[in-house]
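Worksheet for the structure shown next.
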Amino acid sequence: MANQEDIFKDIISHSKEYGFIFQSSEIYDGLSAVYDYGQMGAELKKNLREYWWKAMVQMHENIVGIDAAIFMHPTTWKASGHVDAFNDPLIDNKDSKKRYRADVLIEDHLAKIEAKIQKEVDKAKERFADKFEEAQFRATNARVLENQAKIDAINKRFKDALESNNLTEVRQIIVDCEIVCPISGSKNWTDVRQFNLMFSTAMGSVSEDANIIYLRPETAQGIFVNFLNVQKSGRMKIPFGIAQTGKAFRNEIVARQFIFRMREFEQMEMQFFVRPGTEMEWYNYWKETRMKWHQSLGFGEANYRFHDHLKLAHYANAACDIEFGFPFGFKELEGIHSRTDFDLKAHEQHSGKKLQYFDPELNQNYVPYVVETSVGLDRLFLAVLSKAYTEEKLEDGTSRVVLNIPAFLAPIKVAILPLLKRDGLPEKAREIINTLKFDHACAYDEKDAIGKRYRRQDAIGTPFCITVDHQSLEDNTVTIRYRDTMQQERVSIDALPQLIDDKVSFKKALRSLA
Ligand code: ATP
Numbered sequence: 007m008a009n010q011e012d013i014f015k016d017i018i019s020h021s022k023e024y025g026f027i028f029q030s031s032e033i034y035d036g037l038s039a040v041y042d043y044g045q046m047g048a049e050l051k052k053n054l055r056e057y058w059w060k061a062m063v064q065m066h067e068n069i070v071g072i073d074a075a076i077f078m079h080p081t082t083w084k085a086s087g088h089v090d091a092f093n094d095p096l097i098d099n100k101d102s103k104k105r106y107r108a109d110v111l112i113e114d115h116l117a118k119i120e121a122k123i124q125k126e127v128d129k130a131k132e133r134f135a136d137k138f139e140e141a142q143f144r145a146t147n148a149r150v151l152e153n154q155a156k157i158d159a160i161n162k163r164f165k166d167a168l169e170s171n172n173l174t175e176v177r178q179i180i181v182d183c184e185i186v187c188p189i190s191g192s193k194n195w196t197d198v199r200q201f202n203l204m205f206s207t208a209m210g211s212v213s214e215d216a217n218i219i220y221l222r223p224e225t226a227q228g229i230f231v232n233f234l235n236v237q238k239s240g241r242m243k244i245p246f247g248i249a250q251t252g253k254a255f256r257n258e259i260v261a262r263q264f265i266f267r268m269r270e271f272e273q274m275e276m277q278f279f280v281r282p283g284t285e286m287e288w289y290n291y292w293k294e295t296r297m298k299w300h301q302s303l304g305f306g307e308a309n310y311r312f313h314d315h316l317k318l319a320h321y322a323n324a325a326c327d328i329e330f331g332f333p334f335g336f337k338e339l340e341g342i343h344s345r346t347d348f349d350l351k352a353h354e355q356h357s358g359k360k361l362q363y364f365d366p367e368l369n370q371n372y373v374p375y376v377v378e379t380s381v382g383l384d385r386l387f388l389a390v391l392s393k394a395y396t397e398e399k400l401e402d403g404t405s406r407v408v409l410n411i412p413a414f415l416a417p418i419k420v421a422i423l424p425l426l427k428r429d430g431l432p433e434k435a436r437e438i439i440n441t442l443k444f445d446h447a448c449a450y451d452e453k454d455a456i457g458k459r460y461r462r463q464d465a466i467g468t469p470f471c472i473t474v475d476h477q478s479l480e481d482n483t484v485t486i487r488y489r490d491t492m493q494q495e496r497v498s499i500d501a502l503p504q505l506i507d508d509k510v511s512f513k514k515a516l517r518s519l520a
């Protein structure tokens, strides 16, 4: 069995080999933590975005979508707190000269202790088989309790240190936990310092009187500053939501793990405006709704879990992450935050404009409260890719790599393969493409033996291969081969549009959310 690290390496090289993801500017040796999506990656990414958009906007009468600019008035970032308060605590290892986020070092340390607990649980599960009661075991086993107490103590110390902005204490936690630099293996740490992660550039032609502006570090602010525009022009009634997808930029210091942490990435965010006092109800509603959406992709419930935030950001009164079991462990995939009226109030103060809603039922004006759902499209892409990637041993002793991407998200839905390059088979194949291409992304491939062509399609996750042979010319039938089962059946060409439609439309997945 290959270990998770090797599998992750395989996934990265597979992504490159089959046109999903390339290192940015690779011919110049790349740009660190920046990636380009290739021909297959762009399709998968687009489909994931579309599934999110349909689930959030199309399926909700009271949610609308916008597309705000990346550049915003610089005061936006004063109001949001990004200029002054949004800093990451950083620490350097003096031996390796590598820089780390202090919170990430501590989180990784906690994950290691958690792994020890899990190991005890797994061992006991094996020993007691059917009689195993996990909850009871966790509540009583001495080693589990001891490790859990360690986790709780570190968590509490860390939370207190962050809340009082005590960076010396953050460093001391790293020292006391005996955390070593993964590169040098040493504990030779510098002090912890704060670092602002926004990229800035200059707007205007003469640099001296040009304005410094920032590349947005989150898409949310484009929604807040347009709150009243959308509410008025769309005659929206509270509760209602505004959704948007788009690029965000963060000068991440510890950019690693492929597309998990990038400097340029895409977010899919929705801000839901509610009556003050009802925010916890909506926070819980969106927690459940978003979890259901992730699970609708069919990778198994065990791969997802909630993680409540210990330290709330200055704008939040409740916050959690949906974490996903990536090949390198459970990590944040989506954040759900109850942001109170912090953002709208801050924009009122900085702009001098009222950002309020008149509630006809209460006959009262107020600044709405906000519940936010925020998922990284690239992280979602990585989640799908890492669970879809499968190395299979087949009965005949050969093996194949297949991407079990849910059919409706697959980059190419159907490949049409003439068995031979002659006898009118290519022409017949093109005829079929010409009926299917209006609805679906199709591929045509006539090179190499048919088995090899099937493997190529498996490797990019194409759910259906259609083979055109001599019989097709006689009775208008083809062989359809299914990616996951590799089963084949003979079907009429006329039946193809319906057959494929049923399996690749977003409808079934969207219905499962209702
Ligand atoms: P992290 O703690 O991992 O830095 P965050 O809590 O700062 O993430 P949010 O500000 O809540 O992240 O952003 C919402 C979502 O945007 C995250 O759940 C994640 O999916 C995505 N995201 C954030 N930073 C990055 C990044 N550098 N690269 C890719 N995706 C990101």
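This note's numbering applies: residue 7 is where the sequence shown begins, and numbers increase by one.
Where a beta carbon is used, it is the ideal one built from N, C-alpha and C, also for glycine.
Please read all numbers here as calculations on a predicted model, not as lab measurements.
{"Asked": "Chain-order list of residues whose beta-carbon lies under 6 Å from that of Met7 (same chain, five-residue window excluded)", "Found": "Only weak support is given to the placement of Met7: the predicted model assigns it a pLDDT of 48, under 50, and the question is left unresolved by the model."}
{"Asked": "Status (buried if at least 16 other CB within 10 Å, exposed otherwise) for Gly240", "Found": "exposed"}
{"Asked": "Rounded Cβ spacing between Leu350 and Phe246 (contact assumed at less than 8 Å)", "Found": "The pair is not a contact, with the Cβ atoms about 14 Å apart (cut-off 8 Å)."}
{"Asked": "Exposure of Glu49, with buried meaning 16 or more beta-carbon neighbours within 10 Å", "Found": "buried"}
{"Asked": "The beta strand (DSSP E) enclosing Ile328, as first and last residue numbers", "Found": "Ala324 to Phe332"}
{"Asked": "Bounding residues of the alpha helix (DSSP H) (the contiguous stretch that carries Gly457)", "Found": "Ile456 to Ile466"}
{"Asked": "Segments of 4+ residues assigned as alpha helix (DSSP H) that fall wholly inside the stretch 94-167", "Found": "108-134 and 140-146"}
{"Asked": "Extent of the continuous alpha helix (DSSP H) to which Gln227 belongs", "Found": "Ala226 to Phe230"}
{"Asked": "Sufficient close CB pairs (3 or more, under 8 Å) joining the stretch 356-370 to the stretch 78-85", "Found": "yes"}
{"Asked": "Stretch-stretch touch, CB-based, cutoff 8 Å, three pairs: the stretch 405-425 with the stretch 458-467", "Found": "yes"}
{"Asked": "Helix, strand or coil at Asp445 [DSSP, three-state]", "Found": "coil"}
{"Asked": "Own chain residues within Cβ distance below 6 Å of Ala324, not counting five before or after", "Found": "Tyr289 and Ser344"}
{"Asked": "Meets three-Cβ-pair contact criterion under 8 Å: the stretch 485-498 and the stretch 22-39", "Found": "no"}
{"Asked": "Rounded Cβ spacing between Gln250 and Glu272 (contact assumed at less than 8 Å)", "Found": "Gln250 to Glu272, Cβ: 11 Å. No contact."}
{"Asked": "Supposed close pair Trp292, Val377 - CB separation, criterion 8 Å", "Found": "6 Å"}
{"Asked": "Spatially closest choice to Cys471 from Tyr220, Met78, Arg149 and Ile486, by CA coordinates", "Found": "Ile486"}
{"Asked": "Proximity test, Gly430 beta-carbon vs the ligand ATP heavy atom, cut-off 7 Å", "Found": "no"}
{"Asked": "Any non-hydrogen atom of the ligand ATP closer than 7 Å to Ile380 Cβ", "Found": "Reading the sequence as shown, one finds Ser at residue 380 and not Ile. Result yes, Cβ under 7 Å from the ligand ATP."}
{"Asked": "Close Cβ partners of Phe312 (< 6 Å) along its chain, the five nearest in sequence each way excluded", "Found": "Cys326"}
{"Asked": "The ligand ATP heavy atom lying under 7 Å from the CB of Gly47", "Found": "no"}
{"Asked": "Sufficient close CB pairs (3 or more, under 8 Å) joining the stretch 53-68 to the stretch 182-190", "Found": "no"}
{"Asked": "Segments assigned alpha helix (DSSP H), at least 4 residues, entirely inside the stretch 310-386", "Found": "348-357"}
{"Asked": "CB of Pro333 within 8 Å of CB of Ser392, strictly", "Found": "yes"}
{"Asked": "DSSP state of Asn68 mapped onto helix, strand, coil", "Found": "coil"}
{"Asked": "Proximity to Lys513 [Cα-Cα], best of Gln64, Asp475 and Ser498", "Found": "Gln64"}
{"Asked": "Any non-hydrogen atom of the ligand ATP within 7 Å of Asp384 CB", "Found": "yes"}
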